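Numbers 760 to 1204, taken from my numbering, label the letters of the sequence shown in order.
In what follows, a single structure is set out as structure tokens and then discussed.
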Amino acid sequence: MYKIAVIGTGYVGLVTAACFAEVGNTVWCVDIDKKKIQNLKKGVLPIYEPGLDKLVIHNFKEGRLIFTTDIAEAVKECLMLFVAVGTPPMDDGSSDLSAVFKVASDIGKTMPDYRIIIDKSTVPVGTADQVKSTVLDELKKRKRNIEFDVVSNPEFLKEGDALNDFQRPDRIIIGCDNPRVGELMRVLYHPFNMASDRIMVMDIKSAEMTKYAANCMLATKISFINEIANLCERLGADIEMVRRGIGSDTRIGPYFIYPGAGYGGSCFPKDVQSLICQGDSKGFDTALLKCVEEVNKRQKKVVFSKIASHFKSVRGKTFAVWGLSFKPGTDDMREAASLVLIDDLTKAGAKVRCFDPVAMETGCAALRDTLGARFKQVSLVDEQYKALKGADALVLMTEWKQFRNPDFNRIMELLKQPVIFDGRNQYFPNILKDMGFAYYGIGRS
């Protein structure tokens, strides 16, 4: 059993803490947000992730999860200190590392003896060196010569399936320059590495780069298939046929080649932008990544373009939007395609009626921030079919399971006009057209 501190109780921090606690470790969860810590002690989580609430509540009751705002206490008690604070993008696309360096400074001010500092946050290549320098500066001020190590241990968690990803990982990347620390990390992760050895130990900078390379590769696949989908529309091909055709090739595979309204979330947009900035800082033009980002920005406008083309003018019309979160299985609204669509619709004078099975609260907050005064043109309803009554069209933006096989006869009765814009290619065009719907998908002529 290890004593572990996880500093930052956001998405990555909570999942990491809960999963380590579940296998017997005692984990201090540290956050500067007093209200968040108070809520966690009450079993109220700041995020939605399937199964996470039960895991957190159970391990808190068992005494294996400790929630605190006192980082000094956690640093004093714990050998392994996971840094899991946010690294949001700045205006130029680079990563804001101020929270990471604040944690490193606090550790340097309070560590009593040897500690292992583990970067779990997604940070640019070379950040571990800066964390080390920050800690050394604080130790110098204290006139203390304390040994410590810095490790890169990036997360590879899919929102909506994070517990499974952590407990049954594809790989566990450990970047370190001390073989002893590599072995300690192996022991820590042993409960998740018993079926087969998934641990890969490498140098720190390669570990930091692995995280960015993985997310940027996935983002590239999504932008590529969306580019092909747009071309399919113009050439008379069906992207769903093409997708299956290329996905059967083992060199390509079937994953992350689903066309849609563009990628979003907390990782892909931020990490693509960050790697572009890292290239720029070294005088290297990351031309491909810039295209990936540009294609994605354009793709988020595609659904509105189809709506505008069908109706000519959307002023005064009402649109029912099913799905707000950037993907199913989460309430995360960061960079969600729905925000771009609703922003465009309200700017053009339309009204929007929204439903999401999970992201109503976060969606409401994100729409307020995005739309400002135009938020009055938006209403949020508590049931999916309520969004349809008297609407001029249905727009599917997130492929939640309950939206995949709805009652189309009921949809026909409730809509003012039988029009469906399918931003995630969930429905069968021929069936809907035979029923009398005007149907618009992505990459389907």
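By construction, the Cβ of each residue, glycine as well, lies at the ideal position given by its N, Cα and C atoms.
Just so you know, these numbers come straight off a predicted model, no measurement behind them.
Selected residue, minimal CA-CA separation from Leu990, among Thr768, Lys1086, Arg1203: Of the residues Thr768, Lys1086, Arg1203, the one whose Cα lies closest to the Cα of Leu990 is Arg1203.
Through-space distance from Lys1056 to Gly1075, alpha-carbon basis: Spanning the two alpha carbons is a distance of roughly 26 Å.
Segments assigned beta strand (DSSP E), at least 3 residues, entirely inside the segment 1144-1178: Fully enclosed beta strand (DSSP E) runs of 3 or longer: 1152-1155.
Extent of the continuous alpha helix (DSSP H) run through Tyr1198: Run containing Tyr1198: none in the alpha helix (DSSP H); it sits in the beta strand (DSSP E), 1197-1199.
C-alpha distance - Asn1189 paired with Arg927, whole-angstrom precision: If you draw a straight line from the Cα of Asn1189 to the Cα of Arg927, it comes to about 40 Å.
Sequence ranges, beta strand (DSSP E) only - wholly within the segment 812-894, length at least 3: Secondary structure in the segment 812-894: the beta strand (DSSP E) runs of 3 residues or longer, each lying completely within the stretch, are 824-827, 839-842, 874-878 in chain order.
Cβ contact check for the segment 1140-1147 and the segment 1110-1117: 3 or more pairs under 8 Å: Yes, the segment 1140-1147 touches the segment 1110-1117.
Counted within 10 angstroms of its Cβ, other Cβ atoms place Asn706 as buried (16 or more) or exposed: Because residue 706 is not part of the residues shown, which for the chain are 760 to 1204, the question remains open.
Supposed close pair Val1062, Phe907 - CB separation, criterion 8 Å: Between Val1062 and Phe907 a beta carbon distance of about 50 Å is seen, past the 8 Å cut, so the two are scored as non-contacting.
Enclosing alpha helix (DSSP H) for Val1062 [first to last residue]: Note, Val1062: alpha helix (DSSP H), 1061-1070.
Alpha carbon of Lys756 to alpha carbon of Gly783, nearest angstrom: Because the chain is modelled from 760 through 1204, residue 756 falls outside the range shown and cannot be assessed.
Cβ pair Ile963, Gly934 closer than 8 Å: Yes; because the gap between Cβ atoms is below 8 Å, this pair is in contact.
Supposed close pair Gln1032, Pro883 - CB separation, criterion 8 Å: Not confirmed; about 11 Å, so no contact.
Close Cβ partners of Leu977 (< 6 Å) along its chain, the five nearest in sequence each way excluded: Excluding residues within five positions, the ones whose Cβ falls inside 6 Å are Phe1015.
7 Å CB neighbourhood of Phe1134 in its chain, flanking five on each side removed: These residues qualify, in order along the chain: Leu1126, Arg1127.
Residue of Arg1163, Leu1173, Asp936 minimising C-alpha distance to Asp1151: The candidate whose alpha carbon is nearest that of Asp1151 is Leu1173.
Selected residue, minimal CA-CA separation from Val909, among Ile931, Asp924, Asp878: By alpha-carbon distance to Val909, the top candidate from Ile931, Asp924, Asp878 is Asp878.
For Ser1084 and Ser1025, the rounded distance between their alpha carbons: Approximately 11 Å between the Cα atoms of the pair.
Distance CB(Ser880)-CB(Val859) smaller than 8 Å: Yes, the Cβ-Cβ distance between Ser880 and Val859 is below 8 Å.
Same chain, Cβ closer than 6 Å to Gly1021, neighbours up to 5 away in sequence not counted: In its chain, beyond the 5 residues on either side, Asn1055, Gln1058, Lys1059, Ala1096 have a beta carbon closer than 6 Å to the beta carbon of Gly1021.
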